[in-house]
Structure formats: C-alpha cells, structure tokens
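Chemist:
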Amino acid sequence: MMEFVLVGFSDSPHLQWILFGIFLLMYLTILLCNSLIIVITRTDATLQTPMYFFLSHFSFLEICYVNVTVPRMLTDLCSQKGNISFFACATQMCFVLMLGGTECLLLTVMAYDRYVAICNPLNYALVMSHKVCVQLVAASWGSVIPVVIGQTCQIFSLPFCGSHRINHFLCDLPPVLKLACGDTFVNEIAVYLVAMVFVTIPFLLIIVSYGKIISNILRLSSAKGRTKAFSTCSSHLIVVVLFYGTASITYLQPKPNQSEAIGKLLSLFYTILTPTVNPIIYTLRNKDIMVALRKILTKLLP
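Per the working numbering, the very first residue in the sequence shown carries number 35; after that it's consecutive.
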C-alpha cells in the first residue's frame, strides 16, 4: 500500500467551508496566543520563574502540536481528497504521539513545580533551580522520542491489505491500527503499555500532587493566601482535566468499543479545542501575565 485516504469531514460536504473557517480561526488563535505567552514570559523580568519557564515551553509544545495536525486538516477540507502517503501518515502519527506524550510529562512537571512552591516554599529556589528546570524539560522530551519511534515502526511494519480509508482527519493510532491485517493483539498490548506509562502514571502523579497541594492550602490561616494559592493552581488543573480526559478515553478504551465518530470528536478536543482554550485559561486567570501584557501594550500603543 502506497497511500491512505483520510476521510476527515468529507461525509459532511455542506459544512466544508463553515468547518474550514472555524478551524482556521482556532488555529490562528492558538498560534497568536501561545506566541504571545512565550514572548511575555521570556521578556518580562518579573516572570523569570520556574512556573513561567515551564509555561513558555508548554506554549511552544502546543504550537508544534497544532502545526502537525491542523494545516493538513485545513488542506483536506479545501480539496476534499485526503490522500496521504504511507510515509507522511507514519511521520504525522509519530509526531502526534511524541508531542502528546511530551505534553503529558510536561503537565506532570508543572504539577510538581506547584507542589514544591506550595508545600515546600522555603526550599523552592533550591529544589527548582534553573538547571533542574532545564533537566526536567529535557527529560520530558527525551524519554518519549525513542518509545514513540519504536511504536510507530512497529505499527507501520504490519501488513495493510484491506481498506486504505482512515475514518479520521489525522493518522492517529487507533484508526490506523484498525486497518491492519492479521493478528494485532501484540500491538494493542504495546499501545496499552505505552498509554499506561505516558498517560495513566503521569495523571496519577498529578492527582497525588494536587491532593497534597489542596490539603496544604486548606491548612493556611489566611483567606487571601488560600485564594491566591488556589488561583495559581486552578488554571493548570483545568488544562489537565481537558487534556487527560479526552486522551485517556481515546487510547485506553478497548478497540472494539471505539466508535469512529466519537473517536473523531474526542480527537478534535485534544488536537485543536484544548490548545485553543489553554492560553486563554492561563492568561485570563493569571494576574502576572495580564500585568506584563499591559506593559507590552503600553509600550506599543502609548
């Protein structure tokens, strides 16, 4: 097989241009808002802290993620063809899994940062030094890459002798695996194991971190202190729920029970909707970023 066909939204041709307009607007919003967060966190002296260091890397990750998926989706909406070569499909899947796995680990690192800041504030500067922050970000990227490359090679070494139509708008793992011929039991087990390592375990670590954080916040005597602590953590917690909720259903649900329409809808959440909402959550709910944004706007528009 030399190529696949991404069905995408071709079964709703009457919505073609409406969907194109919506997705293009969301795509531009993601690029603009996340780029703005990177510029603000890198240029404002008051934001040179571990929390904003991780946030800038998270925004960069979101930009990479949507650039792997959305331009292809917009192109297919325009052409209504969806042909994608075997190699291009494998490459897209590899990057989607790699960036998704890195996002899971980076969200865990951000939860750990909040845990140290609230539960061990006296040692925060020592524990979360710049060197440690760089190492944590490097580990988030480096630990995912070899695993994802190996899994992608394993999936695309299978024979694809039947249908070449992928009922999806991207080359994601579950719909591609459905097209493989023969026994895919070993591959499905490998998918579950990788999902457990990069989705379930990080999620449990985040839950444990926030359990300790909330317990510590409730012990604070100052109502103002409790409000401030909750506000700094709530944005991250909302992002975690949005991302992990949809990703876990997609990759941990048994293959026969997966509805293609539901799978496509869930993928829309973690590929384009969540990246659109994330920067809005982080900026509107964060006073420091809003103050820094006003400084920049004052300089540009005196």
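Glycine included, each C-beta is placed from N, C-alpha and C at the ideal position.
1) Given this structure, state the Cα-to-Cα distance separating residue 45 from residue 111, to the nearest angstrom.
2) Less than 8 Å between CB atoms is the rule here; does residue 107 satisfy it with respect to chain B?
3) Return the chain-ordered list of same chain residues with a C-beta closer than 8 Å to the C-beta of residue 126, the five sequence neighbours on each side being excluded.
4) Measuring CB to CB, does residue 41 end up less than 8 Å from residue 154?
5) Three or more beta-carbon pairs under 8 Å between the segment 228-246 and the segment 154-167, yes or no?
6) Under 6 Å Cβ to Cβ from residue 305, same chain only, skipping five residues before and after it: list those, please.
7) Alpha carbon to alpha carbon, what distance is there between residue 330 and residue 312?
8) Taking the C-alpha atoms as reference points, what is the distance between residue 80 and residue 132?
9) Counting along the chain, where does the beta strand (DSSP E) carrying residue 119 start and finish?
10) Can you list, in chain order, the residues of its chain whose CB lies under 8 Å from that of residue 36, leaving out five sequence neighbours each side?
11) How would you label residue 59, buried or exposed, when you count the other beta carbons within 10 angstroms and need 16 or more for buried?
12) With DSSP run on the structure shown, which of helix, strand or coil describes residue 87?
Modeler: Judging by the given coordinates:
1) In the sequence shown, residue 45 corresponds to position 11, counting from 1. In the sequence shown, residue 111 corresponds to position 77, counting from 1. In a straight line, the C-alpha of residue 45 is about 11 Å away from that of residue 111.
2) The structure shown contains no chain B; it is built from a single protein chain.
3) Reading the sequence shown from its first residue, position 92 is the one you call residue 126. Taken in chain order, the residues that qualify are 102, 103, 106, 118, 204 and 205.
4) Start at 1 with the first residue of the sequence shown, and residue 41 comes out as number 7. Start at 1 with the first residue of the sequence shown, and residue 154 comes out as number 120. Contact flag unset, no.
5) no
6) Residue 305 sits at position 271 when you count from the first residue of the sequence shown. The residues are 103.
7) Sequence index remark: in the sequence shown, residue 312 carries index 278 (1-based). Sequence index remark: in the sequence shown, residue 330 carries index 296 (1-based). Taking the CA atoms as reference points, residue 312 sits about 21 Å from residue 330.
8) The count along the sequence shown starts at 1 and reaches residue 80 at position 46. The count along the sequence shown starts at 1 and reaches residue 132 at position 98. Residue 80 and residue 132 have their C-alpha atoms spaced approximately 32 Å apart.
9) If you number the sequence shown from 1, residue 119 lands on position 85. Its beta strand (DSSP E) spans residues 117-119.
10) Reading the sequence shown from its first residue, position 2 is the one you call residue 36. Excluding residues within five positions, the ones whose Cβ falls inside 8 Å are 119 and 120.
11) Within the sequence shown, the letter at position 25 stands for residue 59. Result: exposed.
12) Within the sequence shown, the letter at position 53 stands for residue 87. Reduced to three states, the DSSP call for residue 87 is helix.
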